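Below is one structure, written out as C-alpha cells; the observations come after it.
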Amino acid sequence: MRTTPLRLARPGVDDRARGRAGERGAAAVEFALVVIPLMALLFGIIDFGWIFNQQVSLSNAARESARYYAVHEHDGGTVAQAVAWGKDAAPTVAAASWTAAGAGLTLVQGCNSAKPNYSAGVGKAVTVTATIPMPSLTGLFTAALGPTLSGKGKTACGG
Numbered sequence: 004m005r006t007t008p009l010r011l012a013r014p015g016v017d018d019r020a021r022g023r024a025g026e027r028g029a030a031a032v033e034f035a036l037v038v039i040p041l042m043a044l045l046f047g048i049i050d051f052g053w054i055f056n057q058q059v060s061l062s063n064a065a066r067e068s069a070r071y072y073a074v075h076e077h078d079g080g081t082v083a084q085a086v087a088w089g090k091d092a093a094p095t096v097a098a099a100s101w102t103a104a105g106a107g108l109t110l111v112q113g114c115n116s117a118k119p120n121y122s123a124g125v126g127k128a129v130t131v132t133a134t135i136p137m138p139s140l141t142g143l144f145t146a147a148l149g150p151t152l153s154g155k156g157k158t159a160c161g162g
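Here the sequence shown is numbered in my numbering, starting from 4 and rising by one per residue.
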C-alpha cells in the first residue's frame, strides 16, 4: 500500500524551467537592439516633417515678398516693406532664424518700372530668395542636413 499521494506527471515542466534560466534578460537585450533603430527612424521622420514645413514656409515667404514688391514698386513700395511682408507670410519660421548670420530675404532682381503703366517692366520679374540656417528639432541629423535651407519666389512685374 502506498502512503504518498500519486502525482500526475507533467512532461516538460522541469525542462522548461531549467532552459529559461540561461535566457534571463534576453528579451531586454532584443528590445534594446530593436528600439534604437526605431527611435532613429522616428526622429528622422520628425526632422524631415519639420524641415519640409520650413521649406514650404520659406518658399511662401519669398513668393509673397516678390508679389508685394512687383505690385507696389511703382507706388513707393520699398524692399524693406517687401521683406517684412514676406516674413509675416511665414509664421512658422522662428524669428531667431531670420536674424541668424546669412539669413534673410534677398531681392535678386526688380522691375525698375518708373512709369505707372509698367512699360519699363514688361517681360521682367521680381525674384526673391529666402534663406535661414537649417532647422533641426532633434539635433541628431544636423551635420548631415547641410548649413542652410532656402526658398525662391518669382512674380511677373505688375503682379
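Think of the CB as a built atom: it goes at the ideal place given N, C-alpha and C, for glycine as much as any other residue.
It should be emphasised that the depicted structure is a prediction, and the values quoted were computed from it without experimental measurement.
**Request:** Examine the ligand ADP and report whether any of its heavy atoms sits within less than 7 Å of the Cβ of residue 41.
**Result:** Only the bare structure without any ligand can be found here, which leaves the ligand ADP out of the picture.
**Prompt:** So, are the CB atoms of residue 89 and residue 133 less than 8 Å apart?
**Reply:** yes
**Prompt:** Around the C-beta of residue 105, are 16 or more other C-beta atoms found within 10 angstroms, so that it is buried, or is it exposed?
**Reply:** exposed
**Asked** Taking DSSP as the reference, what is the three-state secondary structure of residue 133?
**Response** strand
**Item:** Enclosing beta strand (DSSP E) for residue 156 [first to last residue]
**Value:** 151 to 159
**Message:** Can you find the residues in the same chain that come closer than 6 Å, C-beta to C-beta, to residue 156, ignoring five residues on each side of it along the sequence?
**Reply:** Excluding its 5 nearest sequence neighbours in each direction, residue 156 has C-beta neighbours in its own chain below 6 Å: 65, 66, 69, 131, listed in chain order.
**Asked** What separation, rounded to the nearest whole angstrom, lies between the Cα atoms of residue 83 and residue 127?
**Response** 20 Å
**Message:** For residue 53 and residue 138, which I take to be in contact (beta-carbon distance under 8 Å), what is that distance rounded to the nearest angstrom?
**Reply:** A Cβ-Cβ distance of about 6 Å is found for the pair residue 53 and residue 138, placing them in contact under the 8 Å criterion.
**Request:** Just mark residue 154 as buried or exposed, buried being the case when its beta carbon has 16 or more other beta carbons within 10 Å.
**Result:** Buried, because 16 or more other Cβ atoms sit within 10 Å of the Cβ of residue 154.
**Request:** Kindly confirm or deny that the stretch 93 to 109 and the stretch 26 to 44 touch, where touching means at least three C-beta pairs closer than 8 Å.
**Result:** no
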